[in-house]
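Visitor: Chains as they are written, first to last, in this note's numbering: chain A, -1 to 276; chain B, 11 to 587; chain C, 397 to 774.
We put the CB at the ideal spot given by N, CA and C, even for glycine.
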Amino acid sequence: MFALVLVTAAMCEAQKTNVPAMVTAGVDTNFPTTGSGKGTFYLSGPGVALKKEVELGTDVAVNGRDLQNAGAYEAIVCADTCHTSQFYVVAAKAVKLAFLVHPSRVPVAASDAVSGVALPFDKFENMVLTPQEVDFRLTAGSTSLLARSVSAQNGVAWFRTTSGKNAGKLQVVATLHDVVSTRAVQEVASDPCNLRIKGERTPKGIEVETDPVRDCSGNVLPDGTIVTFSLTGSNGKSTIDAPIKQGIARADIPAKGPQTISVASGVVMGNELHIGGQ
Amino acid sequence: MRTATSYSRPIPLLAIVLVALAVHGPLLMMQLPANSFDTNFHIFFASHYVHHWFNPWNEKWFAGFSQTTYPPLTHQWIALLSNVVGLQMGYMLVQLIGVLLLPVGVYRFAKIWVDERSASYAALGSIFLGALAFLVYQAGQLATVCSAALYLNALPYFYDWMMQGSGRALLKGVVVSLTAAAAHHVTLIFGVVFFAGPVLWIACLDAKRERASASVGGVLGRAVVFGALVSGGVAIVLLPYWITILQHPIRQMPIPHDSRNNYLLHSMTAINYFVIPYGALILALPFIFLRGGSPRLRPLLVGFWLAFIFGLGGTTPLPRWLLGRAFEILTFERFAFWATLLAMPIVGALAVELLDRFQARGAVGLSLAAVGTLGAALAWLAVNPYRSTGATDVQPVIAFLNRDGHDAYRYITLGFGSELAKVSTYTDAGSVDGDYNSARLLPEMTKYGSAQLTNSKFYGAAGMDSLRAMLKHANRYGLKYIFVHDPYYEPLLTFVGWRKIETFDNGQITAWSEDDIVPAHRINSDAMPAPWEGIMWGILPIGVSVLAIFLELLLPTVREVVVPVEVPARVQGHYVA
Amino acid sequence: MKFILPITLVVATVVLMGLGLMGYGQSRTALGIAEGSALPGLTPNPDTPDKALHNVLLELQRRNWDRAYADLSKTSGVDEQDFIERWRGMNGSLRSFSNLESFDTRPMHETSEEADYRVHLLWSTPVGPVQDVRDFHLTRVGNEWKVVWPKVTIPNVPAQVVPVNYLRWDLVTGTSGEEWGAHNIDAPHVRIISMNAVNTAEGTVIMGEAVNEDTVPAFVTVNATLVDGSGNTIDEESSFDKIDHVLLPKQVTPYRVDFPSTSLNKVKNVRMDIKATLVPASADPVIGVTNQKLETDAQGHAVLHGDLLNESGQTVNIPHVIASFYDNNGKVVWVSDGYVERALLPQGSEAFAVEIPKSVAGEVHNFHVVVNQYSLKS
């Protein structure tokens, strides 16, 4: 039925409505009409279909509620014939930022490892496509890692940067006018650096432990990280996967005779230690 | 109670049926077979017919299988009754009908061999058979019981047709035989040897003694006509079954079953498959053999002996020699049931002799033997080592599968035993497992020589290999959920990368899942029956059963053969025990 | 005449039963279900060492402990409780879940008074079949042979309290309002650090090592897809139980993906895919692997032996050993695994052994063992 009206409207030119070229979303708008007598006003757009009986020659008031969705609309006025006009509804002022930050967890000092995308939206959830300045600020503790103003292109503003050097919470803030959106990324210790062990013989075998295990930025590796001790001696080889506890991995390994002890964590190797027999 | 008139009269058939109703009716209404091995399987099949009467392709087991691999009659009757009383009670009612038909069949079958009085005692005794209680309440072999009952009812027509050439007997005999086949094909196939063979033999002997309306050749000719009609009828009524079985003959690795054990070397198996089914009949074995030597009873004795030997499973090598590979497919508890049925005419004669000789003491003794046999079989339900270890509440499993789109994936259960079928009946999700060995086509299940995945551990290395193979191919089949009711399986699931996601029933059941499994998709199979097969399957089996009912009601039997019976005429008193 | 048929049938029955007892028509049976014992008088008289050993093993297989114990020599020195517990397993170990599926006895040495037998035992376990070799000593007592069951002395470790205090990671579900955004937590970062494909008699084997590079535990699965010259997928399989699925931060695991009956010659390309999920985990128990040695066993197989040492206060019911073997260039040339039948008690030790195929044994220069585990309380 509606299609039939549209076809009819396309064929006839007798009545007119003068529409503005652009309307802001959610704003009450009047559509002036020409002609006389009674007519019917149709409005169709994204998620909207409206029909009104109107007096031709007067303004047709359309409530802002019916113009909340950004996009292309058609206004049609029909009496004996129909006339169609097209206009565009643009997003209102940005009041919201959709802010995506990746990853949620990142090793320290990893280049180009943190990225973020901000998308401004108006109060009707329309993406704001007009250029907007978005300020990105990254702070770890009291240290500022990044402060950059980025102009949103087609509704998208983004950044990419290197993670900080200290493990902990990295706060990422995007600001657009008075709209602030905050995200957090957990910066975690990277691979161990300069992994060193010391050991001593005990009545039961050998007690071996690492120095505090840190990455190259000096962050202590989190508890539970696995450190592998390997002992090689005349009785064969012994290995133990020991978790770090309070920064140090420790193991008691029953072993007799001279032993060569090595250590590794993930793909990182540490020093070697030789302990003689009792 | 002793009256002069009751001594020499047989027990009325109606009274026998009422006794069967009184004994088994309450047990079935209490749903005692609900926890038997196969009850849930039969209900599962029936539930499919409730929703898909003309489509035997069932997607709920084995990623899709055809129900034309199992004769449908009992399941279709359950499906029909379930519309009124529900599936569970529908099962019980169909089983009750089978149980009530059995003494009628025994009575009519026994009259071929012994006098009416002995036949009535045979029928009465059949109600208390340990083998019957075993099959109904422990094994849940609905189809075997119903089919045997129907077959016993068909055989007297076969005999009458051979003796008199009665067209009415031929018609009813053929239709009831087809109904028996529609209930359970295996019973009909073996029944030809164990039951029909002796009947044909005695008919020939009777013809030779000029007690028939035809010569021996004539009797044989009539038997051929009967056999041809039944064979042709079975070929048509169960055509989709034959097509399936020819297309996919059972080539899977043999699956162990305890009834194939040597009972002399496995005492518990002997109790389960010999002592319980035979019960007090063990005491009657000498009499059965001695009395079976009389000229008239010889064919019956041979039939009984053969069934008896088969019922001993792997105790003797004869079943393996005669059956070949089929030995590893069949289970042998049903043979013991058939053997007891074949023995009943002779046992009926023994009962008459005992009553005549010992009167009240004989009646008491027989009553104790009968009740003791049934009682032992029922007590065995509670103490046998094969029983399920308590009822599992599978409702949470069913609820889990039916919510949140979980039925987009397949599942298996581990340690659920026959409860798997209950889960399958009430959930929309499909499983790669199933509780029916003959329908399995997935290589993960047929290659290893184990049965259900849910019972893998009982099949040893073969069972666990089969389970491992299925878990390896979980993604192939969309297998995402495993429900565990036996901690035995938890180490394997842990080591192969499944994770516990939920617990039900106070931790009795745990749900396990694997990530990254794609939703199940339909597995194409050449075993899928054509639409016309589904229509045949939905019409003919149930149709012959309805025809049999009409024929029984509309064409009453006029039996003219009077068979002289060699039972000692020591008629001094007659007790209705 | 009247009795000919009954007598014939009775005689035939007895003869057939006799044949049945001689082993004709025997069938495989289900496991773990009480089958009972042979009827009195039908158990073979233990007048040879083989029959005596067979009787004991058969009773053990059927879990008829009293009858098995009664068949032992009085000089055995083991009490019935110990005998049962050692055979049946304790503490939720793999053995306690196992059933003896079959056995094969072979004489090693035999005189008129004493005999030694080697028995190959096939156990059915939750994790698959396990083969075991065990030697038995038998002695003649009168006209019968009896198995001598040696008493195994288990060191009496005094009870001790070992705290279970390592880190546990638990997953906490956040709400959408939280800035940490628990709804889109990244999967742990894991990586395949080595991969090797070899052709074996059983088919193609893909193996290597993977590491959890993250600071949180990861649940890891390695999948491999074989692709032919036309780009078509030949087969795809996963690492199944040949991997330690739960990796703590910086932990390395070997993995092996088997493609039975697929020759490597047909394979043009192998696509590897490692999947990781964040899971709750615990750093306990810590299991050391001591005294690891490559040796050749009595049957000529190359075997990696060693002991597992439970350094924690938690019982490890089923330890699973996965070993990667390297050539002198550090390339993984094989990955083997094996389950340990006995539970690892707190501070306790158990031996393990994993086999290396003869074809690669000569190349092995070094090895690395990781221990996966199943604990009933976890």
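Out of Val612/C, Ser732/C, Ser635/C and Val682/C, which has the shortest C-alpha to C-alpha gap to Ile251/A?
Guide: Minimum Cα distance to Ile251/A is reached at Val682/C.
Visitor: Output yes or no for whether 7 Å exceeds the beta carbon distance between Ala387/B and Gly115/B.
Guide: It is not a contact, given that the beta carbons lie outside the stated cut-off.
Visitor: So, using beta-carbon positions, are Phe134/A and Phe119/A closer together than 7 Å?
Guide: No, the Cβ-Cβ distance between Phe134/A and Phe119/A is not below 7 Å.
Visitor: Taking only beta-carbon atoms, is Val528/B less than 7 Å away from chain C?
Guide: No, because no Cβ of chain C sits closer than 7 Å to the Cβ of Val528/B.
Visitor: Give the secondary structure of Cys214/A by DSSP, where H, G and I count as helix, E and B as strand, and everything else as coil.
Guide: Of the three classes helix, strand and coil, the one that applies to Cys214/A here is coil, per DSSP.
Visitor: Would a check of beta-carbon distances place Ala679/C closer than 7 Å to chain A?
Guide: Yes, because at least one Cβ of chain A sits closer than 7 Å to the Cβ of Ala679/C.
Visitor: Look up Lys196/A in the DSSP assignment and give the residues it is bridged to.
Guide: Answer is Glu207/A.
Visitor: To the nearest angstrom, report how far apart Pro18/A and Phe29/A are at their CA atoms.
Guide: Distance between the alpha carbons of Pro18/A and Phe29/A: 8 Å.
Visitor: Could you please tell me which residues of the segment 519 to 539 of chain C, in chain order, have their CB closer than 7 Å to any CB of chain B?
Guide: Listed by position along the chain: Ser520, Pro522, Val523, Gly524 and Pro525.
Visitor: Give the interface partners of Ile224/A over in chain C, defined as CB-CB distance under 9 Å, in chain order.
Guide: The contacting residues are Asn608, Leu643, Leu644, Pro645, Lys646, Gln647, Val648 and Ala679.
Visitor: Using C-beta distances below 7 Å, list every residue in its chain close to Leu456/C, excluding the 5 sequence neighbours before and after it, in chain order.
Guide: Hits under 7 Å: Ala464, Trp483 and Leu496.
Visitor: Provide the residue span of the alpha helix (DSSP H) that contains Asn231/A, from first to last.
Guide: A small correction: the amino acid at residue 231/A is Gly; Asn does not occupy that position in the sequence shown. First-last for Gly231/A: Ile224 to Gly231, but that is the beta strand (DSSP E), not the alpha helix (DSSP H).
Visitor: Rounded to a whole number of angstroms, what is the C-alpha to C-alpha distance between Lys218/B and Ser225/B?
Guide: The straight-line gap from Cα to Cα measures roughly 7 Å.
Visitor: Is Val577/B close to chain C, meaning its C-beta is less than 7 Å from at least one C-beta of that chain?
Guide: Any reading at Val577/B needs caution, since the residue's pLDDT is 48, under 50, leaving its predicted position unreliable; the model's value is listed next. Answer no: the Cβ-Cβ gap between Val577/B and chain C never drops below 7 Å.
Visitor: Asp462/C: buried (16+ other C-beta within 10 angstroms of its C-beta) or exposed?
Guide: Exposed is the call here.
Visitor: If you count every other CB in all the chains shown that lies within 10 Å of the CB of Gln151/A, and 16 or more means buried, which is it?
Guide: Label assigned to Gln151/A: exposed.
Visitor: Could you check the C-alpha separation between Asp500/C and His533/C for me, to the nearest Å?
Guide: Spanning the two alpha carbons is a distance of roughly 15 Å.
Visitor: Just to confirm before moving on: does the CB-CB distance between Val523/C and Leu452/B stay below 7 Å?
Guide: The answer is no: Cβ separation not under 7 Å.
Visitor: Jot down the residue ranges of each uninterrupted beta strand (DSSP E) in the segment 379 to 430 of chain B, minimum 3 residues, whole runs only, in chain order.
Guide: Entirely contained in the segment 379 to 430 of chain B, the beta strand (DSSP E) runs reaching 3 residues are, in chain order, 420 to 424.
Visitor: Please classify Leu145/B: does DSSP put it in a helix, a strand, or coil?
Guide: Three-state DSSP puts Leu145/B in a helix.
Visitor: Let me make sure I understand the geometry here. Which of Asp693/C, Asp723/C, Gly726/C and Leu417/C has the alpha-carbon closest to that of Phe748/C?
Guide: Per the Cα distances, Asp693/C.
Visitor: Expressed to the nearest angstrom, what Euclidean distance is found between the alpha-carbon atoms of Val171/A and Gly114/A?
Guide: Their Cα atoms are separated by approximately 10 Å.
Visitor: Please return the same chain residues whose Cβ sits closer than 7 Å to the Cβ of Asp213/A, not counting the five positions on each side in sequence.
Guide: Excluding sequence neighbours, Asp213/A sits near Val106, Ala187, Ser188, Asp189, Pro190, Cys191 and Leu219.
Visitor: For Val616/C, report the span of its alpha helix (DSSP H) as first-last.
Guide: From DSSP, Val616/C is part of no alpha helix (DSSP H) but of the beta strand (DSSP E) over Ala614 to Val623.
Visitor: Could you tell me the distance, in whole angstroms, from the CA atom of Phe51/B to the CA atom of Tyr288/B?
Guide: C-alpha separation (whole angstroms): 26 Å.
Visitor: If you follow the alpha helix (DSSP H) that Thr111/A is part of, which residue opens it and which one closes it?
Guide: Position check: residue 111/A holds Ala in this sequence, whereas Thr was assumed. Per DSSP, Ala111/A belongs to no alpha helix (DSSP H) and is neither H nor E.
Visitor: Would you say the segment 168 to 183 of chain B touches the segment 124 to 131 of chain B, given that touching needs at least three Cβ pairs under 8 Å?
Guide: The answer is no - the segment 124 to 131 of chain B does not touch the segment 168 to 183 of chain B, with fewer than three Cβ pairs under 8 Å.
Visitor: Check whether the segment 91 to 99 of chain B touches the segment 470 to 484 of chain B, counting contact only when three or more Cβ pairs, one atom from each stretch, lie closer than 8 Å.
Guide: No: the two stretches stay apart, fewer than three of their Cβ pairs being nearer than 8 Å.
Visitor: Provide the residue(s) that pair with Glu605/C in DSSP beta bridges, ordered along the chain.
Guide: Paired residues: Ser590/C and Pro650/C.
Visitor: Give me the chain C residues within the contact set of Gly507/B, using Cβ-Cβ distance strictly less than 9 Å, ordered along the chain.
Guide: What Gly507/B touches in chain C: Phe615, Val616, Thr617, Ser634, Ser635, Phe636, Asp637, Ile639 and His641.
Visitor: Taking the alpha carbon of Pro355/B as the point to measure from, which residue in Phe368/B, Ala379/B, His62/B and Arg308/B has its own alpha carbon closest?
Guide: Pro355/B has its Cα closest to that of Arg308/B, out of Phe368/B, Ala379/B, His62/B and Arg308/B.
Visitor: For His516/C, write down the residues that DSSP places opposite it in a beta bridge.
Guide: Partner(s): Asp500/C and Val529/C.
Visitor: With contact counted as at least three CB pairs below 8 Å, one residue from each stretch, are the segment 244 to 253 of chain B and the segment 301 to 319 of chain B in contact?
Guide: Because the criterion of three Cβ pairs below 8 Å is not met, the segment 244 to 253 of chain B and the segment 301 to 319 of chain B do not touch.
Visitor: Is the separation between the beta-carbon of Asp669/C and that of Asn619/C shorter than 7 Å?
Guide: Their beta carbons are under 7 Å apart, which means Asp669/C touches Asn619/C by this criterion.
Visitor: Do Lys202/A and Gln688/C have their C-beta atoms closer together than 7 Å?
Guide: Not a contact, by the Cβ cut-off of 7 Å.
Visitor: Of all the options Asn272/B, Leu112/B, Asn45/B and Pro497/B, which has the alpha carbon lying nearest to the alpha carbon of Lys467/B?
Guide: Comparing Cα-Cα distances from Lys467/B to each of Asn272/B, Leu112/B, Asn45/B and Pro497/B, the minimum goes to Pro497/B.
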